[in-house]
Each structure stands twice: as structure tokens, then as C-alpha cells.
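A short worksheet on the structure shown next.
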Amino acid sequence: MPFLHVLSHASAWAPGMLMLAAMALALCHKGSVATLWRWMLVLSGAALAGSVLAAIAAMAGIGSMDLAGWLKASPMGLCMGVLVQLLGTVIAAFSARYLEGEPGQPRYMAALAGVLAAVHMLLLADHWIVLAIAWALVGIALQHLLCFYPDRAFASLAAHKKQMADRVADVLLVGAAALAWLEVGSGSLSALWAHIARDGMSPLLHASALLLTLAVILRMALLPVHGWLIQVMEAPTPVSALLHAGVVNLGGFVLIRFAPLLENAAAARVVLVVFGLGTAVLAGMVMLTRISIKVRLAWSTVAQMGFMLLECGLGLYTLAALHLVGHSLYKAHVFLSASNAVRQARLQAMHSATPPTAISLALAPAAATATVLLMLNLATDAPWPAWWSAVLGLAWAPLLWSPQGQASAKTAAWHSLAGLMMVAGLTAAAVAIHHVPLGLRDAPAHVLGWLALIGLLGLYLFLALLQRQPHLLRTWRRWSYAGFYIDEAYTRLALYIWPTAWTPPAPRDAVPHVTGPTLQRAAP
381 MPFLHVLSHA
391 SAWAPGMLML
401 AAMALALCHK
411 GSVATLWRWM
421 LVLSGAALAG
431 SVLAAIAAMA
441 GIGSMDLAGW
451 LKASPMGLCM
461 GVLVQLLGTV
471 IAAFSARYLE
481 GEPGQPRYMA
491 ALAGVLAAVH
501 MLLLADHWIV
511 LAIAWALVGI
521 ALQHLLCFYP
531 DRAFASLAAH
541 KKQMADRVAD
551 VLLVGAAALA
561 WLEVGSGSLS
571 ALWAHIARDG
581 MSPLLHASAL
591 LLTLAVILRM
601 ALLPVHGWLI
611 QVMEAPTPVS
621 ALLHAGVVNL
631 GGFVLIRFAP
641 LLENAAAARV
651 VLVVFGLGTA
661 VLAGMVMLTR
671 ISIKVRLAWS
681 TVAQMGFMLL
691 ECGLGLYTLA
701 ALHLVGHSLY
711 KAHVFLSASN
721 AVRQARLQAM
731 HSATPPTAIS
741 LALAPAAATA
751 TVLLMLNLAT
761 DAPWPAWWSA
771 VLGLAWAPLL
781 WSPQGQASAK
791 TAAWHSLAGL
801 MMVAGLTAAA
811 VAIHHVPLGL
821 RDAPAHVLGW
831 LALIGLLGLY
841 LFLALLQRQP
851 HLLRTWRRWS
861 YAGFYIDEAY
871 TRLALYIWPT
881 AWTPPAPRDA
891 VPHVTGPTLQ
901 RAAP
């Protein structure tokens, strides 16, 4: 048994240490870039193996979770480590081909390894100082990836706006840490959980929870500071995959980690629900108007982050964890396979788009909700309240839409049956995740839950009207296409508060622009 304990501790430490070694190797290496990529992939693979061993040991209860004074492993954190390292390894392999022939590849490898090392540090944080430093390091390393092409103006602007949001988030996080430290007398997160369980919440802890919530909102690129996530499409595609799949959703993990603090912080939960619901609804509307595949995916990420924040505000932390994992895997896949978008668009153009029937639009939410409730009745106990079943029914209702003009009633019936089976499968997966020993405890907020249901019902009605009567929403569609002009206002404010020369410098050999009498004829 001592050997297994040592192995579990070593495997928990290994991913971050190996990524630090990869970063140091990239910074110091002077040889072949191809050789450097091979070392990067070897170290990433070893880090992935260590992450898997650590997660298995945690699930089996092998070894202590305490790694050091300020670091502590948790089942949820170690599972997230497997996810992040898996994505990092795949993205590294993709990047080796994507960036072939590009200058600055060692710099890219160092920044990528630095992001992964900082993320592993954040996942093990059991102290406010470690959490704040790790999250700041993630942003600093990511900044170098976003500006990999320094001559792309919008990438530089996006990086500047993100840097401003990150610095404000850092101040808020430090404020949250200071208030909690003052109340508890220690910066340890484990001591904070014990204090809350023993003495409950105090005004200082309520204020700390509110500041933490605001910091997460800024870090997760929710409205109104979402613009940098859209404009960062100028960065290399693997950077977009890393950002959307493994970095921007770290705020969701932090909220899940701080569930004991948020559980009784009513004001913080209201803020999470309001910002999460508003972002999910508005970003979902904007996404429907976009044609560019990568931009649509970016708006989809903004909407999904809003929905994840909504789940955390409602106290459904297990579902938020499932959402986090599913979103990460999906976004990594779609970004790395974005080159197939042209072929898919051509295939879709061969089939004329037909709107769904009015009766399927009307009955789909009820049928999906009934399927969810039926699956819950087959389970031993319902893992979420009834209002969340209705929310899931609204979210999955489009799976049951029947397009007009189907060949026969038999085809329509098979289409509906396939949709119902997909809803049943998704519900079964959501129920199953509640039986995985992640160490999470849900705390549903019923009043806020009904508010969320009303908001998402409004989004579904908007979507249904858009399918059947799009001409009635022309003005709203123009506003949606413009993103409701939220980012324009934030950009002006950001550049006013923190000006920057975000346009790229002119090349040294560029011909100066001259007009009128200043133009001189060159001597023969």
C-alpha cells in the first residue's frame, strides 16, 4: 500500500511538472523544430498518463488527497486534469502539422506548455494565493498564444481587451481572498469549507462570494466583456480550440470548487443566474445570425458559458461538471475539424432547407419533457428538481422537430422516434454522472430555477417564431447580427480607460505615403 500511495502522489504532481519541463525545453532548445515537437508530444503523453493514474487512484480512494501545504487533489480536479491534458496533447499534435514552416514555433510550444502547467496548478490549488497566481499565469501564457501573429490587428485588440478584463478579475479575486482570509484567519480553502460548515456564512463571506462571482464572469467572457472571445478568431485554429475547450471554462470549475461558499450566498447566486441567463439568451440569438463557422462557434461558446454559469447559480453543480466536460470535447473537435466546413456547407446546399411543422414546434417541448420525466421515474431517485426537467425539455426540443414535406407519415414517425431516443440517451447520461464519485453536492435554488425556466421558454418561443415567421423579426435580427452593439460600447470604454496602439507597426521597408507637392520625382 505505501507504494500505491507514493504512486498516486507522484502521478498527481507529474502533469504540471512535465509541462514545466516542456516549457523550459522549448525556451532553451536551439536544434531542430521537428525534434522539439517530438519531445513536446512525448512529455504531453507522459503527463496524460500521469493524469489518468491520479484520477483512477482518487476514484478508488488510494492515497491521501493532501499533496502539500497549499495543494490538494480532488476527484473533480483530477478528472479535469485528464480532460485538459488530453485536449492539450491532441492540440499539440495538431499544432505540429498546422504550424509547419511557421517561424516562432518554439515560442508557441513554450506558451502552450505554460498554459497547461498553470491549469494543472489551478486544479490542485487549496489556497487563495495559489489559485490567484495560477489563474494569472494562465492568462499571461495565453496572451503569447493569442498574439502569435503580431501583425493581425484584431488579434492584438482582442488580447488587449482580454488583458484588461483579466487584470480587473485579478483585483476582484484578491479582494475575495482578503475578505475570506480576514474572516477565517487562514488562506486555506479547506479551512474555509470547515469554517462555513461550523459557523455558517458571515457578511464578509457573502461579500467574498460576490467578488469571486464577478471575477469568474470576467474570466469566462460573459456579456458585456465577451468581445475578445469573438475577435480572437484571428489567432491560429489550435489556439482557438485550446481557448474554447480548456481555458475559458475554467471559471466553471472554480465555481464548482467553491460550491460550499456559494451554496448560502444568495446575492452571488442571483448575480450568476442573471448574468448566465442573459448571456445564454442573447448570445444564442446572435449565434443564429452568423454565417462564419468559427465566429458562430465562438458565439456558441459564449452562450454555453452563460448556461454553465446559470447551472452553477442554480446549485446544479453535477450537471455543470457534465456540461463542462461535454462542451470541452465538442468544441475541441469542431475547431480542429473546421477545415471540413466547406464540404459540409456544400452538402447542406444540395438539400433545400425546410422549416419544421407548426405542430412539431408546439408539441416538441412537452414530448421532450415527458421523456425526461419518464427516464427519471425509472431511476432510483430524481437527481434534479422538476423545473430543470422542463428546462432540459426546452433545450432538447429541436431534436423532435419534423421538417415540412416529409415523404410519408412513416418517415415522420421514424424521425420523431429517433429524436425521442436521443433525448432518453442524454437524460440517462445526465443521471449517470450523478453516480460518479466526484465529491459534488447539489443545492438547487427553486425560486431562481423557475425564473430560469421562464427565460429559456422565451428563447424557445423566439426560436420557434424565427422558424415559422422570420419576416416578423427583421429588426430584431439586425440587432442580433450586430451583437446588440454591446462589444462596441465595451471596446470604446476599454480603449478610453487603457489606450493602446493595437494596430500593427508598418514594416521597415514599407513605402511612405506621400501626396501633393511632397512627392518628388526620383533622379534617373
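Note that our numbering gives residue 707 to position 327 of the sequence shown, counting from 1, and the numbers run on in steps of one. No residue lacks a Cβ here, since even glycine has one placed at the ideal position from N, Cα and C.
- The criterion of a C-beta distance shorter than 8 Å is satisfied by Q784 and P735.
- For F842, the enclosing alpha helix (DSSP H) starts and ends at 826-848.
- Annotation: A390 to W573 spans about 26 Å, alpha carbon to alpha carbon.
- Taken through DSSP and simplified to helix, strand or coil, K452 comes out as strand.
- Ranked by how close their Cα comes to the Cα of L753, the residues I739, T807, A832 have T807 in first place.
- In this structure, DSSP gives D506 a state outside helix and strand, which the three-state scheme calls coil.
- Restricting attention to A505, T593, W508, L496, the CA atom closest to the CA of G519 is found in L496.
- If you draw a straight line from the Cα of G664 to the Cα of H385, it comes to about 47 Å.
- According to the DSSP assignment, L552 belongs to the alpha helix (DSSP H) that extends over 533-564.
- DSSP places W856 in the uninterrupted alpha helix (DSSP H) bounded by 854-861.
- About 6 Å separates the Cβ atoms of V675 and I610, confirming a contact at the 8 Å cut-off.
- Nearest C-alpha to L780 among L818, H815, L741, L758: L741.
- Under the DSSP assignment, G819 falls outside any alpha helix (DSSP H); it carries neither an H nor an E label.
- Contact annotation, A512 with L553: C-beta distance approximately 5 Å; criterion of less than 8 Å satisfied.
- Looking only at T698, A810, M399, the smallest Cα-Cα distance to M420 is reached by M399.
- Taking 4 residues as the shortest admissible run, the region 634-714 contains the following complete alpha helix (DSSP H) segments, listed from N- to C-terminal end: 639-642, 646-667, 673-693.
- Taken atom to atom, the span from the alpha-carbon of S568 to that of V499 is near 19 Å.
- By the Cβ neighbour-count rule, T791 is exposed, with fewer than 16 other Cβ atoms within 10 Å of its own.
- L525 and G631 have their alpha carbons spaced roughly 20 Å apart.
- Rounded to the nearest angstrom, the gap between the Cα atoms of L641 and L585 is 8 Å.
- Here the alpha carbon of Y529 sits roughly 18 Å from the alpha carbon of L407.
- Between the C-alpha atoms of I636 and H624 there is a straight-line separation of about 18 Å.
- Selection V470, A453, Q485, L463 evaluated against T415 yields Q485 as nearest (Cα-Cα).
- Cβ neighbours of A747 within its own chain (closer than 6 Å, five residues either side excluded): L780.
- Among the bridge pairs identified by DSSP, D446 is matched with K452.
- Around the beta carbon of Q543, 16 or more other beta carbons lie within 10 angstroms, which makes this residue buried.
- In the three-state scheme derived from DSSP, where H, G and I count as helix and E and B as strand, P783 is classed as strand.
- Of the candidates L756, R858, M403, the residue whose Cα lies closest to the Cα of A472 is M403.
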